[in-house]
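Residue numbers (our numbering), protein chains in the order written: chain U, 192 to 486; chain P, 11 to 152. Presented below is the structure to which this report refers.
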Amino acid sequence: MATVRDLRDRIRSLKNTQQITKAMKQVAAAKIRRAEAAQKRARPYAGALAEMLADLISAVSSVDHPFMKPGRAGAPAGIVLITADKGLAGAFNANAISAAETFARQRSGVRYYTVGVKARNAVRRMGMPDHRTWMLGGTEKIETAREVARVVTGDFDSGTISEIVLVSQQLVTMMLQRPQTRKLVPILAEDIAALRGKDTSKPPTEQKGAIEFAPSPEFVLSRLLPKYLEFTIYSAMLETDAAFFAAQLVAMTNATDNASKLIDELTISMNNARQAAITKELLEIVAGAQALGVA
Amino acid sequence: MANTVPFKLVTPTQIVFEGEAQLVIAVTTEGEEGILAHHAPFLAALRPGVLRADVVRPDAGGAASRLELATSEGFMQALPDRVTVLVDEAVRFEDVVVADVRRERNEATERQKAAGTDRAGFEREQTIIEFAAAKLRLTGQK
Numbered sequence: 192m193a194t195v196r197d198l199r200d201r202i203r204s205l206k207n208t209q210q211i212t213k214a215m216k217q218v219a220a221a222k223i224r225r226a227e228a229a230q231k232r233a234r235p236y237a238g239a240l241a242e243m244l245a246d247l248i249s250a251v252s253s254v255d256h257p258f259m260k261p262g263r264a265g266a267p268a269g270i271v272l273i274t275a276d277k278g279l280a281g282a283f284n285a286n287a288i289s290a291a292e293t294f295a296r297q298r299s300g301v302r303y304y305t306v307g308v309k310a311r312n313a314v315r316r317m318g319m320p321d322h323r324t325w326m327l328g329g330t331e332k333i334e335t336a337r338e339v340a341r342v343v344t345g346d347f348d349s350g351t352i353s354e355i356v357l358v359s360q361q362l363v364t365m366m367l368q369r370p371q372t373r374k375l376v377p378i379l380a381e382d383i384a385a386l387r388g389k390d391t392s393k394p395p396t397e398q399k400g401a402i403e404f405a406p407s408p409e410f411v412l413s414r415l416l417p418k419y420l421e422f423t424i425y426s427a428m429l430e431t432d433a434a435f436f437a438a439q440l441v442a443m444t445n446a447t448d449n450a451s452k453l454i455d456e457l458t459i460s461m462n463n464a465r466q467a468a469i470t471k472e473l474l475e476i477v478a479g480a481q482a483l484g485v486a
Numbered sequence: 011m012a013n014t015v016p017f018k019l020v021t022p023t024q025i026v027f028e029g030e031a032q033l034v035i036a037v038t039t040e041g042e043e044g045i046l047a048h049h050a051p052f053l054a055a056l057r058p059g060v061l062r063a064d065v066v067r068p069d070a071g072g073a074a075s076r077l078e079l080a081t082s083e084g085f086m087q088a089l090p091d092r093v094t095v096l097v098d099e100a101v102r103f104e105d106v107v108v109a110d111v112r113r114e115r116n117e118a119t120e121r122q123k124a125a126g127t128d129r130a131g132f133e134r135e136q137t138i139i140e141f142a143a144a145k146l147r148l149t150g151q152k
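Okay, here's the thing in structure tokens:
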């Protein structure tokens, strides 16, 4: 049986751990608020972009932008995998990575582009040490998103990859994050409709008569599609950020609770052990006295 | 208020301006385009340039004031009942640091020279150069 001192040491170390998890929990709670504020600031742009895209799609009779056509047959699929830079958030990163692997199994070949240190490490372990990778944190997220978009569309245009798929964590509720696999390119009209549904409470513009485009709908569309891609990656990065802190909040709450439970159990054991030692000592004294014939 | 139109200027990271405007002038790929209230539906691609708007300040008793911003590439959507401008970046006069902008422009010019036959790269640098020029024009510098 553990001695009183052993138990006391364990309790002390658990309390230290608990302090750390409690602090991380509070930090995560504060950071969720900030991440959500960033997401909220991006919403007006999303709404306006989707509305313009919808107008364009309905105005252009035949869409012949490369982004709206299938890529070169036989080329590997391009997967943009977004995770957090850090761990300690339960299965948050692992879930996104395994969603990417699940998708990869449906394709004969894939090429990874990763955002976030955890995604980078995982893909390196898969045996692709020199894929393109970016950090989730650090620089301005919109700059990173632009560069990711530029690299993947460059590879799509050159036929290096046949499609662009985005795998990232979705913040369903504060308690629930779910990995999501989205096909970005070729862009489907339904995707645009879905984006539109998210924000605009305004009526569709088609009711307002014919729209004049400068210089032409095709040109505006060719400029707007890359922006749409950029922005989708950007908003996935923001969502990953918010979802990460939500996952971390849950993980750290659980860790703190578990530490409390363990501390309680160990405290009882310690008290038992101490009492047992006292009882044993008393018995020894009584037995010693009896042996001497004092009683 | 019949002669004003709700005007919104947004970037991916924030709403730069939201309010009533009498006139919005933006630089489209075809040249400058001025939009008044009740404009026919219109959607244009924007080049980097200086966006100007006569906006109504509710705090100044409805008096109009001039809003000037250097904007990067983007789009403008004009509808009879609202005007929306989407740009990558929008910078106010007070946020322009002339020395930084000049350095940006010079670096982009160097990269453009190095780009050679890479057309996409050339155009990307051109956008940065034009945006830098717009920022300088906003401050009256060269």
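Ideal Cβ placement from N, Cα and C applies to all residues, glycine included.
Rounding to the nearest angstrom, what Cα-Cα distance links residue i and residue j in this structure?
i: residue 26 of chain P; j: residue 103 of chain P; result: 13 Å
i: residue 136 of chain P; j: residue 118 of chain P; result: 8 Å
i: residue 421 of chain U; j: residue 346 of chain U; result: 15 Å
i: residue 328 of chain U; j: residue 439 of chain U; result: 16 Å
i: residue 308 of chain U; j: residue 233 of chain U; result: 24 Å
i: residue 411 of chain U; j: residue 417 of chain U; result: 11 Å
i: residue 274 of chain U; j: residue 407 of chain U; result: 39 Å
i: residue 311 of chain U; j: residue 277 of chain U; result: 11 Å
i: residue 219 of chain U; j: residue 442 of chain U; result: 10 Å
i: residue 34 of chain P; j: residue 43 of chain P; result: 8 Å
i: residue 51 of chain P; j: residue 403 of chain U; result: 6 Å
i: residue 481 of chain U; j: residue 194 of chain U; result: 28 Å
i: residue 483 of chain U; j: residue 476 of chain U; result: 11 Å
i: residue 428 of chain U; j: residue 288 of chain U; result: 15 Å
i: residue 69 of chain P; j: residue 79 of chain P; result: 21 Å
i: residue 230 of chain U; j: residue 362 of chain U; result: 11 Å
i: residue 81 of chain P; j: residue 300 of chain U; result: 41 Å
i: residue 286 of chain U; j: residue 306 of chain U; result: 15 Å
i: residue 293 of chain U; j: residue 323 of chain U; result: 20 Å
Are the CB atoms of residue i and residue j nearer to each other than 9 Å?
i: residue 28 of chain P; j: residue 56 of chain P; result: no
i: residue 64 of chain P; j: residue 77 of chain P; result: yes
i: residue 236 of chain U; j: residue 96 of chain P; result: yes
i: residue 447 of chain U; j: residue 375 of chain U; result: no
i: residue 49 of chain P; j: residue 15 of chain P; result: yes
i: residue 141 of chain P; j: residue 243 of chain U; result: no
i: residue 469 of chain U; j: residue 209 of chain U; result: no
i: residue 32 of chain P; j: residue 46 of chain P; result: yes
i: residue 284 of chain U; j: residue 313 of chain U; result: yes
i: residue 94 of chain P; j: residue 239 of chain U; result: yes
i: residue 53 of chain P; j: residue 37 of chain P; result: no
i: residue 291 of chain U; j: residue 372 of chain U; result: yes
i: residue 205 of chain U; j: residue 450 of chain U; result: yes
What is the DSSP secondary structure of residue i, reduced to helix, strand or coil?
i: residue 45 of chain P; result: strand
i: residue 394 of chain U; result: Here the model assigns residue 394 of chain U a pLDDT of 48, short of 50, so the residue's position is not dependable, and the following value carries that caveat. Three-state result, residue 394 of chain U: coil.
i: residue 401 of chain U; result: coil
i: residue 90 of chain P; result: coil
i: residue 136 of chain P; result: helix
i: residue 260 of chain U; result: coil
i: residue 426 of chain U; result: helix
i: residue 317 of chain U; result: coil
i: residue 407 of chain U; result: coil
i: residue 473 of chain U; result: helix
i: residue 280 of chain U; result: strand
i: residue 84 of chain P; result: strand
i: residue 152 of chain P; result: coil
i: residue 64 of chain P; result: strand
i: residue 57 of chain P; result: coil
i: residue 14 of chain P; result: coil
i: residue 38 of chain P; result: strand
i: residue 460 of chain U; result: helix
i: residue 101 of chain P; result: strand
i: residue 117 of chain P; result: helix
i: residue 131 of chain P; result: helix
Cβ contact check for the stretch 354-373 of chain U and the stretch 256-270 of chain U: 3 or more pairs under 8 Å: yes
Residues of the stretch 398-412 of chain U whose Cβ lies closer than 9 Å to any Cβ of chain P, in chain order: 399, 400, 401, 402, 403, 404, 405, 406, 408, 410 and 411
Contacting positions in the stretch 31-65 of chain P - beta carbon closer than 8 Å to chain U: 38, 39, 40, 43, 50, 51, 52, 53, 54 and 55
Contact between the stretch 216-232 of chain U and the stretch 429-443 of chain U (3+ Cβ pairs under 8 Å): yes
Meets three-Cβ-pair contact criterion under 8 Å: the stretch 458-468 of chain U and the stretch 198-209 of chain U: yes
Residues in the stretch 223-252 of chain U having any Cβ partner in chain P nearer than 8 Å: 229, 232, 233, 235, 236, 239, 240, 242, 243, 246 and 247
Members of the stretch 74-99 of chain P near chain U, C-beta cut-off 7 Å: 85, 87, 89, 90, 94 and 96
Interface positions of the stretch 13-27 of chain P facing chain U (Cβ-Cβ less than 8 Å), listed along the chain: 18, 20, 21, 22, 23, 24 and 25
Residues of the stretch 327-342 of chain U with Cβ closer than 7 Å to any Cβ of chain B, in chain order: Looking at the structure shown, chain B is missing, and the protein chains on hand are U and P.
Members of the stretch 420-444 of chain U near chain P, C-beta cut-off 7 Å: 422 and 425
Near-chain P residues of the stretch 352-373 of chain U (beta-carbon distance less than 9 Å), N- to C-terminal order: none
Three-pair Cβ contact test at 8 Å for the stretch 106-114 of chain P versus the stretch 257-267 of chain U: no
The stretch 197-210 of chain U: positions lying closer than 9 Å to chain P by Cβ: none
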